[in-house]
Amino acid sequence: MLIFGVVIYPAIELVRASTGEYSITGLRRGSNGVENYANVLSHPALGTVLVNTLIWVVAVVAITILLSLGLAQFLSKDFWGRRAVRWAVLVPWAASLVITSRLFTLIFDYYHGILNVLLTKLHIISEPVDWLGDDTWTMPSMILVGVLVSIPFTAYVLLAGLNAIPGEVHEAARIDGAGPWQAWRRVTLPLLRPALLVSAVLNMIYVFNSFPIIWTLNDRNPGYTHDTTITFMYKLAFKSADRDVGMSAAAGVFNVLLILVAVVLYLRLVKWREEDA
Amino acid sequence: MSTVIARPQAGGWRRARRFVLPVAGLLVAIVFLAPYVVMLLDSLRPGSEALQSPPSFLPHHWTLGAYGDILGDSRFQNWLKTSLLVAFASTAIVILVAIPAAYFTARFKFPGRTAFLFLVLVTQMFAPTSLVVGIYREFFELSMVNTYGALILTNSAFNLAFAVWIMHGFFAALPKELEEAAELDGNGRVGTMMRVMLPLTLPGVVTATIFTFIAVWNEYVVALTLMQDDDKKPLTVGINSYVTGYEQNWDQLFAASIVAIVPVVILFAVIEKHLVGGLTAGSVK
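Taken in order, these protein sequences are the chains called A and B.
Taking the numbering used here, the leading residue of the first sequence gets 1, the next gets one more, and so forth.
Taking the numbering used here, the leading residue of the second sequence gets 1001, the next gets one more, and so forth.
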């Protein structure tokens, strides 16, 4: 019931809105048929937005999973101060995304940002970089933040997966003469599959729908140069010259369909079965 | 047998790892904490210093002024109150509804169960951003805009699916015989669940609880739209007003952010052990 009220009903509203025509102030003027969909599909920025979304989702999810695999492996080892390290890894998760994003606008800032000072002092760069103003660096900067905030959840899911693998399995592999790398690839990785699956699917959904990072770090760009489908949709309704609730809703419907297709494709790719869930 | 696997470098590595691992751990911790150390330092300097050029790592003037400002600010107190209220209430609702739901889907093979579980996943795909217009209308018609109830209901619904998904695995992993035995001992269905099943699935319940709590604590878009009354906003929305086009109190923004992280970190610290055991225990069969 609750899910119906808060997810299904607004979803129906969304579809209804996507076929309506709205005035600048958001009043419904009447039905618009499929014109909103056509408008979205013919929007000049659509290509850029789709490419951005693809880069954003694939880069953040892939980098997050790779780094989290290593991190989980590391955190599963027993060493002095491990609890403290586990704690530290959790902090980006505990902090609100909105605040983390704002914090990073300050860290990345050309004039006031600490990142440029740090990198210059370490002689990694010879002169300050305009991380959020220079188009080549905007997306990588956003991805960096996206990865940072996605790792805690992912690493913890994988860590839990690792902990669930009985120790004897590793021993058996070693006795059979497998080197560490081989043992990891042939034994650990397949057993981690359910954990990898859960974290990959949830990450895909969350990263796809991630709003604050792109919205905040991309604040200065009036156009759609670095927008993903989710901020594109928001801008259509509230910020752009278009100011069109109907078009935004249509974009929202596309967005859900896109995620659905992406997740189904992914599940197909890894041959999901119900037992895995 | 064990001599077979001893490799020549193993002894050296064993000695080295005592130092290498903690040092590597320290580096990892630094990477993850660095941005938030910047935040902490910025909360300890006067607001104007955050925008100095060139920037400095350490404050020129150390001050706890920002903390005094926000803790004495009645707006901040209201935001904190809202956040605590909404987070605890939503989490309680989610857990109370999700436990029986997860139990049901795990125990009874009703037709379309796989479809149901997939549908649950699909509800996670709707971005709050795209639903927020519909949600706003719905609560507007119910004249519930600006009420805590609206925010609590929305947050509960958004997180219910995920909680069911997580707990489903835990219930499914419990042997059926256990339940039957408990019933033979004269426990009713509810009694069986409360006294036998629940304690055994505690890690699952804990995991779902922490996920829900964090998600609600950090929710932004819905709260931004539904709570327009300044003293009913939650922290995530409220504290942004410390830095706007007119006000530049970065020190207060960051001090408030540090305060907002504290409850979550404490919660983590208390249940960290259960969390690691619980995250996928249900999904690994």
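Virtual Cβ for every residue (Gly too), placed ideally from N, Cα, C.
I need the DSSP call for residue i, collapsed to helix, strand or coil.
i, result
"Q1248 (chain B)", "strand"
"V1243 (chain B)", "strand"
"K235 (chain A)", "helix"
"L122 (chain A)", "coil"
"L1040 (chain B)", "helix"
"E1219 (chain B)", "coil"
"L45 (chain A)", "Here residue 45 (chain A) is Ala; the residue named in the question, Leu, does not match the sequence. The answer is coil: DSSP assigns A45 (chain A) none of H, G, I, E or B."
"E127 (chain A)", "coil"
"S1143 (chain B)", "coil"
"T228 (chain A)", "coil"
"L1021 (chain B)", "helix"
"Q1052 (chain B)", "coil"
"L1174 (chain B)", "coil"
"S76 (chain A)", "coil"
"W56 (chain A)", "helix"
"S210 (chain A)", "coil"
"F153 (chain A)", "helix"
Determine, for residue i, whether the minimum Cβ-Cβ distance to residues of chain B falls below 9 Å.
i, result
"N218 (chain A)", "no"
"W80 (chain A)", "yes"
"L189 (chain A)", "no"
"G146 (chain A)", "no"
"A45 (chain A)", "no"
"S248 (chain A)", "yes"
"A251 (chain A)", "yes"
"H123 (chain A)", "no"
"V207 (chain A)", "no"
"T25 (chain A)", "With a pLDDT of 47 at T25 (chain A), under the threshold of 50, the modelled position of that residue is not reliable, and the figure given next carries that caveat. Chain B, which has no Cβ nearer than 9 Å to the Cβ of T25 (chain A), makes this no."
So with Cβ pairs under 9 Å, would you call residue i a contact of chain A?
i, result
"S1257 (chain B)", "yes"
"S1130 (chain B)", "yes"
"R1018 (chain B)", "yes"
"F1088 (chain B)", "no"
"W1079 (chain B)", "no"
"I1214 (chain B)", "yes"
"V1038 (chain B)", "yes"
"Y1220 (chain B)", "yes"
"D1185 (chain B)", "no"
"V1205 (chain B)", "no"
Would you tell me roughly how many angstroms separate the C-alpha atoms of residue i and residue j, rounded to the nearest one?
i, j, result
"N1159 (chain B)", "H1168 (chain B)", "14 Å"
"A1069 (chain B)", "V1037 (chain B)", "According to the sequence displayed, residue 1069 (chain B) carries Asp and not Ala. The alpha-carbon atoms of D1069 (chain B) and V1037 (chain B) are separated by roughly 20 Å."
"G279 (chain A)", "I107 (chain A)", "No statement about residue 279 (chain A) is possible, as the shown extent of chain A runs from 1 to 277 and does not include it."
"M1193 (chain B)", "A1102 (chain B)", "12 Å"
"I1271 (chain B)", "V1206 (chain B)", "8 Å"
"T25 (chain A)", "G1149 (chain B)", "Here T25 (chain A) scores only 47 on pLDDT, less than 50, and its place in the model is too uncertain to base an answer on."
"F1108 (chain B)", "V1262 (chain B)", "41 Å"
"L257 (chain A)", "L202 (chain A)", "16 Å"
"V157 (chain A)", "M233 (chain A)", "31 Å"
"L191 (chain A)", "G161 (chain A)", "8 Å"
Below 8 Å on the Cβ atoms is my guess for residue i versus residue j; work out the distance and round it to an integer in Å.
i, j, result
"S248 (chain A)", "I65 (chain A)", "At roughly 31 Å, the Cβ-Cβ gap does not stay under 8 Å, so S248 (chain A) and I65 (chain A) are not in contact."
"Y1220 (chain B)", "T1209 (chain B)", "With 8 Å as the limit, Y1220 (chain B) and T1209 (chain B) do not qualify as a contact, their Cβ atoms being about 21 Å apart."
"I213 (chain A)", "G146 (chain A)", "6 Å"
"F1032 (chain B)", "P44 (chain A)", "F1032 (chain B) to P44 (chain A), Cβ: 40 Å. No contact."
"V1164 (chain B)", "V1120 (chain B)", "6 Å"
"A84 (chain A)", "F1268 (chain B)", "13 Å between Cβ atoms; not a contact."
"V89 (chain A)", "A155 (chain A)", "6 Å"
Exercise for the section: May I ask you to list, following chain order, the residues of the region 83-101 of chain A that have a beta carbon less than 8 Å from some beta carbon of chain B? Expected result: R83, A84, V85, R86, W87, A88, V89, L90, V91, P92, W93, A94, A95, S96, L97, V98, I99 and T100
Practice task
Note down, in chain order, all residues in the region 1135-1153 of chain B with a beta-carbon under 9 Å from any beta-carbon belonging to chain A.
Solution key: I1135, Y1136, R1137, E1138 and L1153
Problem - Where the region 1046-1076 of chain B meets chain A: residues whose CB sits under 9 Å from a CB there - result: A1050, L1051, Q1052, S1053, P1054, P1055, S1056 and F1057
Handout entry: Near-chain B residues of the region 223-235 of chain A (beta-carbon distance less than 7 Å), N- to C-terminal order
Key = I230, M233 and Y234
Practice task
Check each residue of the region 1114-1128 of chain B: if its Cβ is closer than 9 Å to any Cβ of chain A, include it; give the result in chain order.
Solution key: T1114, L1117, F1118, V1120, L1121, V1122, T1123, Q1124, M1125, F1126, A1127 and P1128
Practice task
Report the residues of the region 1258-1269 of chain B with a CB closer than 8 Å to any CB of chain A, ordered along the chain.
Solution key: A1260, I1261, V1264, V1265, F1268 and A1269
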